[in-house]
Amino acid sequence: MRSVMVQIPNTPTSADVARLAGVSRATVSYVLNNTSAVRISEATRRRVHEAARELGYVPHAAARSLRAGHSRMVLMPAPAIPVGPLYSRFLNELQWALGRLDYTVVQYGSVGLEGDEAARAWAELRPVAVLVPGAGLGPQGVAVLKRSGARAVVTLGPGRVEGAHALLMDHDAVGHCAGAHLYARGRRRIGVVLPGEPGLEVYSRPRLAGVREALRGTDATVTELSLAYTEEAAAELAARWTGSGLDAVFAYNDEYAMLLMRALQDEGVRIPEDVAVIGADDLVLGRLLRPRLSTVHIELPSGQDLAELVDRAVRDPGGEPEVHTVLGASVIRRESS
-17 MRSVMVQIPN TPTSADVARL AGVSRATVSY VLNNTSAVRI SEATRRRVHE AARELGYVPH
43 AAARSLRAGH SRMVLMPAPA IPVGPLYSRF LNELQWALGR LDYTVVQYGS VGLEGDEAAR
103 AWAELRPVAV LVPGAGLGPQ GVAVLKRSGA RAVVTLGPGR VEGAHALLMD HDAVGHCAGA
163 HLYARGRRRI GVVLPGEPGL EVYSRPRLAG VREALRGTDA TVTELSLAYT EEAAAELAAR
223 WTGSGLDAVF AYNDEYAMLL MRALQDEGVR IPEDVAVIGA DDLVLGRLLR PRLSTVHIEL
283 PSGQDLAELV DRAVRDPGGE PEVHTVLGAS VIRRESS
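Take the sequence shown: its position 22, counting from 1, is numbered 4 in the numbering used here, and each next residue is one higher.
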């Protein structure tokens, strides 16, 4: 049997990059690891990056982690719920900002795992930081992550978790703004649309509570309305609307508001004459409707600020956990209310 020799290309090394760029291996390491402690000219940085691209050289993440004593991986559990365009933009900005700080962002799909059980799965990947949206993670889960080497655990939700940094998102304020606005517009029988899909309760329930708080002690009533995000469900709710006696509705967000608004108009319900409608998130599509959709503008934290918080925590893992209230809310009145 005749044997065939196969030429296997050599994997390029940092030494190859250094020779092509005309610099030392140390300089290659400083440039590709984005080391800020050493001053290197922009021209030299450019030569190193061009040489690395030409050779197809990629730094070895595991070796870099060994040198640093920790990984550069920031783990973000992939949300098991639809987060909407507003949160998607925020997450994209955050990932970009972390990348600029030389962190690798990994989204982890943990469907079926929750709370401390999910934390054990995350810990297996040995991330240097974990960003946890929503509720569910407890102090035990934070401890598991820290024992595995995570220097920073940051939660984004309604409350604090012992041992973790916290960005507190006050969704009550969103509902409070909407309820106060509708009452000021003379509406007294107010419906609040909550998503029929599971998993969004951590956001929708506080918004309902905010409406109730805004109308406490007044002559207004609040009716809870469940709505799945389908045209059929919206049409069924709209068909029952006339008998409900409701003269206003605050929908969980602009997407649910637009869905219901279209169905109400198909039933001949006039907006805002018969029913005032307000959503939340201030999506561009809401401004294109006729009538234009009133909304609660939500001010999310800056992705850059959160990335810098992560970086501070990684550099000083023994520091006191930071707590920031970051969700701002204000009404934008348009024709629908």
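The beta-carbon is built from N, C-alpha and C at its ideal position, and this holds for glycine as well.
Cβ shell of residue i (< 6 Å), same chain only, five flanking positions each side left out
i, result
"Val20", "Tyr12"
"Arg315", "Ser276"
"Ala33", "Val(-1), Leu2 and Ala3"
"Leu127", "Ala101, Ala105, Val112 and Val135"
Extent of the continuous alpha helix (DSSP H) run through residue i
i, result
"His163", "Asp154 to Ala166"
"Glu290", "Gly285 to Arg297"
"Val356", "In the structure displayed, the chain extends from -17 to 319; residue 356 sits before or after that span and is not available."
"Leu242", "Asp236 to Asp248"
Residue from the options with nearest C-alpha to residue i
i, options, result
"Ala239", "Thr224, Gly225 and Ala220", "Ala220"
"Val257", "Asp263, Asp264 and Glu249", "Glu249"
"Gly227", "Arg171, Glu218, Ala103 and Gln247", "Arg171"
"Leu265", "Glu255, Glu281 and Ile253", "Glu281"
"Gln77", "Leu68, Pro67 and Gln89", "Gln89"
"Ala202", "Tyr165, Asn235 and Val174", "Tyr165"
"Ala215", "Pro177, Val184 and Arg189", "Pro177"
"Val175", "Val184, Pro67, His163 and Arg189", "Arg189"
"Met58", "Gly91, Leu37 and Tyr69", "Gly91"
"Arg297", "Ala134, Arg198 and Leu207", "Ala134"
"Ala160", "Val231, Glu237 and Glu75", "Val231"
"Arg60", "Ala25, Thr26, Glu36 and Pro115", "Here the sequence assigns Ala to residue 60, which means Arg is not the residue at that position. Here the closest residue by C-alpha is Pro115."
"Gly285", "His279, Leu73, Glu218 and Ala(-3)", "Leu73"
"Trp223", "Val156, Ile253 and Glu237", "Ile253"
"His158", "Ser6, Arg7 and Tyr234", "Tyr234"
Inter-residue Cα distance where the pair is residue i and residue j
i, j, result
"Glu195", "Glu290", "35 Å"
"Arg294", "Val136", "12 Å"
"His31", "Glu304", "36 Å"
"Leu267", "Leu107", "39 Å"
"Gly173", "Arg167", "15 Å"
"Glu99", "Gly181", "17 Å"
"Gly301", "Ala210", "44 Å"
"Arg82", "Glu206", "44 Å"
"Val204", "Arg129", "47 Å"
"Glu36", "Pro299", "38 Å"
"Val184", "Tyr69", "14 Å"
"Ala262", "Ala(-3)", "55 Å"
"Val193", "Glu75", "30 Å"
"Ala311", "Glu179", "24 Å"
"Val313", "Val278", "4 Å"
"Ala25", "Thr9", "12 Å"
"Leu150", "Ser6", "47 Å"
"Ser23", "Arg71", "34 Å"
"Gly120", "Gly139", "12 Å"
Identity of the residues DSSP links to residue i by a beta bridge
i, result
"His306", "Leu149"
"Val231", "Gly173 and Val259"
"Glu24", "According to DSSP, Glu24 bridges with nothing at all."
"Val266", "None; Val266 has no bridge partner."
Continuous beta strand (DSSP E) stretch holding residue i: start and end
i, result
"Val204", "Thr203 to Leu209"
"Tyr90", "Thr86 to Tyr90"
"Thr277", "Ser276 to Glu281"
"Val136", "Ala134 to Gly139"
"Leu57", "Met55 to Pro59"
"Val40", "Where Val40 is concerned, there is no enclosing beta strand (DSSP E), given that its DSSP letter is neither H nor E."
Other residues of its chain near residue i: CB distance less than 8 Å, five sequence neighbours each side excluded
i, result
"Val56", "Leu80, Tyr85, Thr86, Val87, Val88, Pro109, Val110, Ala111, Val112, Leu113 and Val292"
"Gly38", "Pro(-6)"
"Val124", "Ala101, Val135, Val143, Glu144, Gly145 and Ala146"
"Leu271", "Met240, Met243 and Ser318"
"Asp236", "Gly261, Ala262, Asp263, Asp264, Leu265, Leu267, Gly268, Leu275 and Thr277"
Any C-beta of chain C under 8 Å from that of residue i
i, result
"Ser11", "Absent from the structure: chain C. Only one protein chain is present."
Cβ-based neighbour list, residue i, same chain, cut-off 7 Å, excluding 5 preceding and 5 following
i, result
"Val40", "none"
"Asp152", "Thr307 and Leu309"
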